[in-house]
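Report on one structure; see the data block that follows.
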Amino acid sequence: MPIRLKKLIGTFLLVALVIIYALVASIIAVAQLSESGPLVHFLFFLFSGLFWVLPAMGIIKWLILEPRPKG
Numbered sequence: 005m006p007i008r009l010k011k012l013i014g015t016f017l018l019v020a021l022v023i024i025y026a027l028v029a030s031i032i033a034v035a036q037l038s039e040s041g042p043l044v045h046f047l048f049f050l051f052s053g054l055f056w057v058l059p060a061m062g063i064i065k066w067l068i069l070e071p072r073p074k075g
């Protein structure tokens, strides 16, 4: 796969990941945390704010992999 195409796909994947993850985290927060205390809110947003990094690291790792040599 050409490197430019790979970077374009990776960029769209990262943007989609962030948008979808933010929507899902917000929906969960509204549905589940409405009657929780401030500590629970803090912990939820702390962990959900950091958790998106794991799938993003996978995408970035795929982006920086060298293409296999032909032959």
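The working numbering numbers the first residue of the sequence shown as 5 and each following residue consecutively. Quick reminder that beta carbons are idealized off the backbone N, C-alpha and C, glycines included. These numbers were taken from a predicted model, which means no experiment stands behind them.
{"Item": "Stretch-stretch touch, CB-based, cutoff 8 angstroms, three pairs: the stretch 49-61 with the stretch 21-33", "Value": "yes"}
{"Item": "Close beta carbons around I7, own chain, < 8 angstroms, minus the five adjacent residues each side", "Value": "P71"}
{"Item": "Spatially closest choice to L12 from F48, F46, I63, by CA coordinates", "Value": "I63"}
{"Item": "Extent of the continuous alpha helix (DSSP H) run through W66", "Value": "57-68"}
{"Item": "Where the alpha helix (DSSP H) through G14 begins and ends", "Value": "7-36"}
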